[in-house]
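Participant: First the structure, which I've put down as structure tokens, then a few questions once you've had a look.
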Amino acid sequence: MKHEARQTSLKVMDNRYSPGMRKWNLRFGITSRCNIRCQYCLPEGKQGVIVQPSLAEAVEVLQAGYDIGFRRVHYTGGEPTVRRDFVDLLRAGKEIGYDQQIVTTNGYRLHHFIEEAVDAGLTRAIVSIDTLDEQRNLLITRRGFHSDTLRSIERSVELLPTLTKISCVTMRDTLHELPAFIDYARQLNNSGGAGQLAIKLNQFFPSNPAQLGAEGEAFWKDQFVEEQAILEVLAKAGELRPVRRESIEGDNPSYNYYEIGGTGVKVAVLAMFSWDYPCGGCWKLRISPNGMTTVCISQKNPPVLWGMSLDEKRETFKRLTGYRDSEQFDIDNPNRKHYRDQLGELRFDKVVGEQKSIAHFRTILTREALEARGEM
Numbered sequence: 081m082k083h084e085a086r087q088t089s090l091k092v093m094d095n096r097y098s099p100g101m102r103k104w105n106l107r108f109g110i111t112s113r114c115n116i117r118c119q120y121c122l123p124e125g126k127q128g129v130i131v132q133p134s135l136a137e138a139v140e141v142l143q144a145g146y147d148i149g150f151r152r153v154h155y156t157g158g159e160p161t162v163r164r165d166f167v168d169l170l171r172a173g174k175e176i177g178y179d180q181q182i183v184t185t186n187g188y189r190l191h192h193f194i195e196e197a198v199d200a201g202l203t204r205a206i207v208s209i210d211t212l213d214e215q216r217n218l219l220i221t222r223r224g225f226h227s228d229t230l231r232s233i234e235r236s237v238e239l240l241p242t243l244t245k246i247s248c249v250t251m252r253d254t255l256h257e258l259p260a261f262i263d264y265a266r267q268l269n270n271s272g273g274a275g276q277l278a279i280k281l282n283q284f285f286p287s288n289p290a291q292l293g294a295e296g297e298a299f300w301k302d303q304f305v306e307e308q309a310i311l312e313v314l315a316k317a318g319e320l321r322p323v324r325r326e327s328i329e330g331d332n333p334s335y336n337y338y339e340i341g342g343t344g345v346k347v348a349v350l351a352m353f354s355w356d357y358p359c360g361g362c363w364k365l366r367i368s369p370n371g372m373t374t375v376c377i378s379q380k381n382p383p384v385l386w387g388m389s390l391d392e393k394r395e396t397f398k399r400l401t402g403y404r405d406s407e408q409f410d411i412d413n414p415n416r417k418h419y420r421d422q423l424g425e426l427r428f429d430k431v432v433g434e435q436k437s438i439a440h441f442r443t444i445l446t447r448e449a450l451e452a453r454g455e456m
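Residue 81 is where the sequence shown starts when you use our numbering, and the numbers rise one by one after that.
The structure is reproduced here in structure tokens:
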């Protein structure tokens, strides 16, 4: 089925970005379902109700975004590739006119259909992997699919003429692996593939439903490392040469990028907890699997798209992006932070567990530091 760009009265329908829209990125959570249960993310067992838009509703989102000037869409979840119609959605996005379609994935399934996905319009992949050790991966993810993830990374670099990224949650037990990750990327970058590989290191900060329970909170407390420790281990692999984030392909408002010595490998560090969750000044229209639509991750009372007509979706996008572009947005949100009060809400909808604020986790580390110094 061909999804043609619909003509509207908006002054953007000439296959160019509308004024001011080039910086915008449509970040679309297409399912709350995930096929793994990482210790730091989702606990084992049922986690609320799986929610996701129908294919028809998802295509309308793409159409509405395109109509107001979006040309880049980033699919997230949950795990986007568990949707059996994922390639159909890519194909619809390509036919509508999107020139960038990106997916963040755990790599479990991507390599099985990546050629079809590329043909359908996939332009870039971000693949999550936290360790190069198969047994440690099994402990972290509770699933045995390590070779699948590696295969998805390697096939992405082979086939996509863009910058594939691996996204790694940096933990105490995996910190020593960072030089091995850099060597892995260096080898892939010299393998003759169509693209290159960069590494994103994400400090293990409280952001997911797992930390709502006692076991997950204890795991975070045991595995959390400060930014300085991450940088010190990276420096063992080579001199850290700062790189302007604007020169890196993708939407990178908060990461600090470095090139590692003479390896040519680009590594990004995100340490939100150490930095106290500053706003990165991003330009993302975020749509959660349950249809909540925000221009700021801390936005209150976001509108819900599901059930709206195409015209209503389009007008909602115009209103939200116009608000984000206005001075009023900064007046209304002078001290905004990069988190939501309910951990995991945007990705997984209603989650199991009590509500905990970021302040709760900071209190834990402060109390432990005082106890270690004998001040409590």
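Think of the CB as a built atom: it goes at the ideal place given N, C-alpha and C, for glycine as much as any other residue. The model shown is predicted, which means the values in this text are computed figures rather than measured ones.
#1: Write down the C-beta distance between T161 and R107 rounded to the nearest angstrom, noting that I regard them as a contact closer than 8 angstroms.
#2: To the nearest angstrom, how far is it from the Cα of G173 to the Cα of S232?
#3: Check whether the Cβ atoms of G224 and L218 lie closer than 8 angstroms to each other.
#4: Pull up the distance between the alpha-carbon of R366 and that of N269, whole angstroms please.
#5: Would you kindly report the start and end of the unbroken beta strand (DSSP E) that includes Q185?
#6: Assuming T244 and R204 form a contact by the criterion Cβ under 8 angstroms, report the distance between their Cβ atoms to the nearest whole angstrom.
#7: Let me know the secondary structure DSSP gives T401 once reduced to three states.
#8: Where does N415 land, buried or exposed, given buried means 16+ other C-beta within 10 angstroms?
#9: Using the Cα positions of S327 and C118, report the straight-line distance between them to the nearest angstrom.
#10: Taking Cβ to Cβ, would you say V131 is nearer than 8 angstroms to N332?
#11: Just tell me which of S227, N282, I209, E329 has its CA closest to the CA of P241.
#12: Could you tell me the distance, in whole angstroms, from the CA atom of R321 to the CA atom of Y338?
#13: Spatial neighbours of T443 within its chain, please: CB distance less than 8 angstroms, with the 5 preceding and 5 following residues excluded, ordered by chain position.
#14: Please return the same chain residues whose Cβ sits closer than 6 angstroms to the Cβ of W363, not counting the five positions on each side in sequence.
#15: Say whether the segment 188 to 199 touches the segment 131 to 143, bearing in mind that this needs 3 or more beta-carbon pairs closer than 8 angstroms, one atom from each stretch.
#16: Find out if the Cβ-Cβ distance for the pair V384, L400 is shorter than 8 angstroms.
#17: Rounded to whole angstroms, what's the CA-CA distance from V313 to F261? Just pull it up for me.
#18: Helix, strand or coil: how does DSSP classify I233 here?
#19: If the criterion is Cβ atoms closer than 8 angstroms, does the pair A200 and R171 meet it?
#20: Relative to the C-alpha of S368, which residue among G158, L202, F397 is closest?
#21: Return the Cβ separation of Y357 and K436 in integer angstroms, given the expectation that the two are a contact with Cβ distance under 8 angstroms.
#22: Under the rule that 16 or more other beta-carbon atoms within 10 Å means buried, what is G387, buried or exposed?
#23: With 16 as the cutoff for other CB atoms within 10 Å, does A197 come out buried or exposed?
#24: Might you give, ordered along the chain, the residues of its own chain that have their beta carbon closer than 7 angstroms to the beta carbon of N115, omitting 5 neighbours on each side?
#25: Indicate whether T184 and I209 have their beta-carbon atoms separated by less than 8 angstroms.
#26: What first and last residue would you give for the beta strand (DSSP E) that runs through P259?
#27: Please identify the residue among M251, G344, D213 whose C-alpha is closest to the C-alpha of W300.
#28: Alpha carbon to alpha carbon, what distance is there between A309 and K398?
#29: Around the Cβ of K316, are there at least 16 other Cβ atoms within 10 angstroms (buried) or fewer (exposed)?
#30: For a test of the three-state rule: what should DSSP assign to M372, helix, strand or coil?
#31: Starting from Y337 and walking both ways along the beta strand (DSSP E), at which residues does that stretch end?
#32: Whole angstroms is fine: what's the gap from I438's alpha carbon to S271's?
#33: Over what stretch of residues does the beta strand (DSSP E) that includes D244 continue unbroken?
#34: Give me the Cα-Cα distance between A298 and N282, rounded to the nearest whole angstrom.
Facilitator: The short version:
#1: For this step, residue 161 is matched to residue 81 along the sequence shown. For this step, residue 107 is matched to residue 27 along the sequence shown. At roughly 16 angstroms, the Cβ-Cβ gap does not stay under 8 angstroms, so T161 and R107 are not in contact.
#2: Residue mapping note: residue 173 aligns to position 93 of the sequence shown, counting from 1. Residue mapping note: residue 232 aligns to position 152 of the sequence shown, counting from 1. The straight-line gap from Cα to Cα measures roughly 22 angstroms.
#3: By one-based count along the sequence shown, residue 224 stands at place 144. By one-based count along the sequence shown, residue 218 stands at place 138. Closer than 8 angstroms, so yes.
#4: Indexing the sequence shown from 1 puts residue 366 at position 286. Indexing the sequence shown from 1 puts residue 269 at position 189. Using only the alpha carbons, I get a separation of about 32 angstroms.
#5: To locate residue 185, count along the sequence shown from 1; it is residue 105. Reading off the sequence shown, one finds Thr at residue 185, where the question assumed Gln. Segment 180 to 185, the beta strand (DSSP E) holding T185.
#6: Taking the sequence shown and counting its residues from 1, the one referred to as residue 244 is at position 164. Taking the sequence shown and counting its residues from 1, the one referred to as residue 204 is at position 124. T244 to R204, Cβ: 7 angstroms. Contact.
#7: In the sequence shown, residue 401 corresponds to position 321, counting from 1. Of the three classes helix, strand and coil, the one that applies to T401 here is helix, per DSSP.
#8: Position 335 of the sequence shown, counting from 1, holds the residue named residue 415. That one is exposed.
#9: Taking the sequence shown and counting its residues from 1, one reaches residue 327 at position 247. Taking the sequence shown and counting its residues from 1, one reaches residue 118 at position 38. S327 and C118: Cα-Cα distance of roughly 32 angstroms.
#10: Sequence index remark: in the sequence shown, residue 131 carries index 51 (1-based). Sequence index remark: in the sequence shown, residue 332 carries index 252 (1-based). No, Cβ-Cβ distance for V131 and N332 is not below 8 angstroms.
#11: Here residue 241 is taken as the residue at index 161 of the sequence shown, counted from 1. Comparing Cα-Cα distances from P241 to each of S227, N282, I209, E329, the minimum goes to E329.
#12: By 1-based counting over the sequence shown, the position of residue 321 is 241. By 1-based counting over the sequence shown, the position of residue 338 is 258. About 5 angstroms.
#13: Mapped onto the sequence shown, residue 443 falls at position 363. Cβ within range, chain order: n/a, list empty.
#14: As a first step, residue 363 is located in the sequence shown; it is residue number 283 there, counting from the start. For W363, where only same-chain residues beyond five positions count, the Cβ hits under 6 angstroms are K103, W104.
#15: no
#16: As a position in the sequence shown, residue 384 is number 304, starting the count at 1. As a position in the sequence shown, residue 400 is number 320, starting the count at 1. Against a cut-off of 8 angstroms, the Cβ pair of L400 and V384 comes out as no contact.
#17: If you number the sequence shown from 1, residue 313 lands on position 233. If you number the sequence shown from 1, residue 261 lands on position 181. When rounded, the distance between both Cα atoms is 12 angstroms.
#18: Position 153 of the sequence shown, counted from the start, is the residue given in the question as residue 233. Correct three-state label for I233: helix.
#19: In the sequence shown, counting from the first residue as 1, residue 200 sits at position 120. In the sequence shown, counting from the first residue as 1, residue 171 sits at position 91. For A200 and R171, yes; Cβs fall inside 8 angstroms.
#20: Taking the first residue of the sequence shown as position 1, residue 368 is located at position 288. Cα-wise, what sits closest to S368 is G158.
#21: Indexing the sequence shown from 1 puts residue 357 at position 277. Indexing the sequence shown from 1 puts residue 436 at position 356. Wrong, their Cβ atoms sit about 14 angstroms apart, outside the cutoff.
#22: Within the sequence shown, residue 387 is the residue found at index 307, counting from 1. Exposed, by the Cβ-count rule.
#23: As a working mapping, residue 197 is identified with position 117 in the sequence shown. Under this definition A197 is a buried residue.
#24: For the purposes of this step, residue 115 is identified with residue 35 of the sequence shown, where counting begins at 1. Result list for N115: E159, V162, Y188, in chain order.
#25: The residue you call residue 184 lines up with position 104 of the sequence shown. The residue you call residue 209 lines up with position 129 of the sequence shown. Going by C-beta atoms, T184 is not nearer than 8 angstroms to I209.
#26: Taking the sequence shown and counting its residues from 1, one reaches residue 259 at position 179. Here P259 belongs to no beta strand (DSSP E); instead the alpha helix (DSSP H) covers 258 to 269.
#27: Numbered from its first residue, the sequence shown carries residue 300 at position 220. Checked all of M251, G344, D213; the closest Cα to W300 is M251.
#28: One-based indexing of the sequence shown puts residue 398 at position 318. One-based indexing of the sequence shown puts residue 309 at position 229. Approximately 43 angstroms, taken between the alpha carbons.
#29: Here residue 316 is taken as the residue at index 236 of the sequence shown, counted from 1. By the neighbour-count rule (16 or more Cβ atoms within 10 Å), K316 is not buried but exposed.
#30: Taking the sequence shown and counting its residues from 1, the one referred to as residue 372 is at position 292. Reduced to three states, the DSSP call for M372 is strand.
#31: Within the sequence shown, residue 337 is the residue found at index 257, counting from 1. Segment 336 to 340, the beta strand (DSSP E) holding Y337.
#32: In the sequence shown, residue 438 corresponds to position 358, counting from 1. In the sequence shown, residue 271 corresponds to position 191, counting from 1. Looking at the two C-alpha atoms, the distance is approximately 42 angstroms.
#33: Translated into positions along the sequence shown, residue 244 becomes position 164. The sequence given here has Thr at residue 244, not Asp. Start and end: 243 to 250.
#34: Looking up residue 298 in the sequence shown gives position 218. Looking up residue 282 in the sequence shown gives position 202. Distance between the alpha carbons of A298 and N282 is about 19 angstroms.
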